[in-house]
Amino acid sequence: MKSIFKLLMLSAALLVLPSLSNAQDRKIEQAIKHRKAAFTLMATYVNRMVQTVDGHRPFDAKQMAQDAKAVELLSKLPWEGFVEGSERGDTRAKDDIWFEDEKFKRYATDLQVKTIAVTSAAESGDLKRFGAAVGQMRDACNTCHKAFRKD
Ligand code: HEC
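Printed below as a string of structure tokens:
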């Protein structure tokens, strides 16, 4: 009787195991999608700013300040998607992110600081100041990509 019970427990455990790992995989997949979506949206606004700075769009200070505020918000969102194990899957994230956690967080914070500066530069209505701030923000993007994103 006892051994049948054990056998039943074992087969129950075997049934549960794969579904647990599927749930884990789904969580990771969701996390990767989440961070990529935030980055993609961020890039949309940043590209618009770069086009403005390059003279391909008229400088609408109010619009640019609104865009910068959107990036400010978006720059808070990707990081929760960098969950453990998510260096695997449909991603270009390097696993250094998890080994150099502090550096990654520092770069993320730097982006937020630089983005706030873009908002106030846009609000000032001074295109030159806006251009310089956008340049610094893009440096923050690139610095992190060089260190933590595969080409
Ligand atoms: C602290 C690090 C860091 C900063 C700062 C950063 N990124 Fe990224 N970015 C990454 C990583 C890591 C990936 C790879 C994500 C993945 O593939 O899972 C990425 C991916 C992307 C992608 C590709 C998304 C996709 O769908 O594959 C875009 C676009 C992007 N970043 C734009 C930006 C822009 C624009 C900025 C600055 C405004 C920025 N990033 C700032 C780390 C960063």
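In terms of the working numbering, the sequence shown opens at residue 74 and continues consecutively. Heads up, the beta-carbon is just placed ideally off N, CA and C, and yes, glycines get one too.
Own chain partners of residue i with C-beta closer than 7 Å, once the 5 adjacent residues on each side are dropped
| i | result |
| --- | --- |
| tryptophan 152 | Ala181 |
| phenylalanine 177 | Ile170 and Phe221 |
| leucine 147 | Ala111, Leu114 and Met115 |
Cβ neighbours of residue i in the same chain (closer than 6 Å, five flanking residues each side left out)
| i | result |
| --- | --- |
| cysteine 217 | Tyr180 |
| alanine 141 | Val191, Thr192 and Ala195 |
| arginine 108 | Pro151 and Gly154 |
| lysine 187 | Gln209, Met210 and Ala213 |
Sequence-distant residues of the same chain with beta carbon closer than 8 Å to residue i, five excluded per side
| i | result |
| --- | --- |
| valine 126 | Leu200, Phe203, Gly204, Val207 and Gly208 |
| proline 131 | Thr125 |
| glutamine 185 | Glu145, Ser148 and Lys149 |
The ligand HEC heavy atom lying under 7 Å from the CB of residue i
| i | result |
| --- | --- |
| phenylalanine 177 | yes |
| threonine 125 | no |
| alanine 116 | yes |
| alanine 99 | Rather than alanine, the amino acid found at residue 99 in this sequence is arginine. No, the Cβ of arginine 99 stays beyond 7 Å of every heavy atom of the ligand HEC. |
| methionine 122 | no |
| phenylalanine 132 | no |
| histidine 59 | The shown model of the chain, from 74 to 224, leaves out residue 59, and the question about it has no answer. |
As assigned by DSSP and simplified to three states, the class of residue i
| i | result |
| --- | --- |
| arginine 222 | strand |
| phenylalanine 78 | helix |
| proline 151 | helix |
| glycine 208 | helix |
| glycine 129 | For the sequence presented, residue 129 should be read as histidine rather than glycine. Coil at histidine 129, not helix or strand. |
| serine 159 | coil |
| glutamate 196 | helix |
| glutamate 173 | coil |
Per DSSP, cross-strand counterpart(s) of residue i
| i | result |
| --- | --- |
| alanine 166 | Arg222 |
Quick check: the region 154–163 against the region 99–106, are at least 3 beta-carbon pairs closer than 8 Å? yes
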